[in-house]
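Working notes, structure below.
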Amino acid sequence: MSEDIHYTYLDWAATTPLCAEAKEAMEPYLVVGEQGLVKGANANSLHSYGRNAFLALEEARKLLAKSLGLKREDELIFTSSATESNNSALFGIVSACKKQATQAGKRDFVPHIITTEIEHDSVLAAARALGAKACELSFLKPDRQGFIEARLLAAALRENTVLVSIQSANNEIGSIQPLEQLVAIAHDAGAYFHTDAVQAFGKVNLNLKELGVDAASISAHKIGGPKGIGALYLKNTTPFTPYMLGGGQETNRRSGTQNVCGAAAFAAAASASLASLDTEQLRLRKLRDYLYERCLGIEAVSPVVSVEPGSQDFLPHIVNLSVQGFESETLILRLDMRGFAVSGGSACSTNSLEPSHVLSAIGLSRDAAYGSVRISMGKSTQEKDIDAFIEALAESIY
Ligand code: PLP
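Just so you know, numbering that gives the first Met the number 0 puts 279 at position 280 of the sequence shown, and the rest follows in order with no gaps.
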């Protein structure tokens, strides 16, 4: 990192810096307080330190549940990440459904799971692992804009479908799924519905009760909370066999000493995000539209999806551009040299040379997918950052 560069972080969908509210909520749990008080004790310990930590954990659970539109905080369990929440939801619900079927005398029952081609890898990998263990799997194809059509879900449902897992919004292109409609179709067929709500939570209105989902995954570090803490919503009627076994914490649904410090910070970050949600989503949507408009001035650059100005069908903070004749790795590094942090459309994180599975699924050509960059914005992003980014992008490709 150079001293003469002004740094502009445009990778908020990958992770966010810790917000002031989360930092303040965490601090008492990280240090030994006055008169030797340890607030960050084990929430399962019998002494008063432990009981106080337990109370703090439950307070955080209550606050977070409220942020999600839930009336019952006991429907929320803390996990280490959304990756864990997604894995737990898929393995836990499918294995409980299989057990129920066996108990009902259907010994040869083979559960069927439906998900989509544009899920995060943590859903896709869990689904494929289940597929390798006597489960049937279906992957729904999105349309060119990244939406899952209700008729495709209706056609894919079978008598043995136990679980449908469809993300709330996509992390690469920002398409927001018509969840209410999809949930109703799954429920009509008797299937449970899980949603990976990581990118939607704190960015757009998300009320899990109104949506009617049976399970949902969220993660703190995408909304100004710390890394290493996530949560899984499990409706009280959702069958679930614990995936993490051990000491029986989280009412036997997720063993492991709870991260009280992380939970307090997660709840504080969620409350802060929701307090400014209306103004912030409007502000970011304008910046998104401005960025799409400005990129039209660079000949080699085209948007990966067609986002109408003001559209609420796409997340307000994610923009995906394709640069003709370039590979995203080259662009990321050239932009990085100019102080800009963005992500690639190809799977750089796994050192794969394959283009992103999301961009392939929406039918983007291989060349266009190779040259894609994702710009994601957050609380500190201003119009001048977009202007500077456009200038840097233009310089990077000539
Ligand atoms: N789901 C989506 C849509 C994501 O964008 C991410 C993170 O990139 C995850 C799941 C995984 O979240 P975590 O980093 O908390 O495991």
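Ideal placement from N, C-alpha and C gives every residue a C-beta, glycine not left out.
Since we're looking at a predicted model, the values are computed, not measured.
With a cut-off of 8 Å on Cβ pairs, the stretch 253-266 is not in contact with the stretch 190-202, counting fewer than three such pairs.
Note that the C-beta distance between I228 and N251 is not below 7 Å.
Relative to the non-hydrogen atoms of the ligand PLP, the Cβ of A81 comes within a distance shorter than 6 Å of at least one. Under the three-state reduction of DSSP, A40 is assigned to coil, being neither helix nor strand. Here D384 is buried, its C-beta having at least 16 other C-beta atoms within 10 Å. In terms of Cβ geometry, E72 and R60 form a close pair [threshold 7 Å]. Where I113 is concerned, the enclosing beta strand (DSSP E) starts and stops at 111-115. Linking D187 to L178 through their CA atoms gives a straight-line distance of about 14 Å. Relative to the Cα of I175, the nearest Cα in the group S94, P315, A274 belongs to P315. According to the DSSP assignment, A183 belongs to the alpha helix (DSSP H) that extends over 178-187. Within the stretch 51-122, the complete beta strand (DSSP E) segments of 3 residues or longer fall at 75-78, 111-115, listed in chain order. The ligand PLP has no heavy atom closer than 6 Å to the beta-carbon of G246. For H193, the uninterrupted beta strand (DSSP E) run begins and ends at 191-195, by DSSP.
With a 10 Å radius around the Cβ and a threshold of 16 neighbouring Cβ atoms, T101 comes out exposed.
In the three-state DSSP reduction, G324 falls in the coil class, being neither helix nor strand. Look at D142 here: in three-state DSSP terms it is coil, with no helix or strand label.
Look at V357 here: in three-state DSSP terms it is helix. Note: D3 is not bridge-paired with any residue in the DSSP secondary-structure output. Around the Cβ of H220, a 10 Å sphere holds 16 or more other Cβ atoms; the residue is buried.
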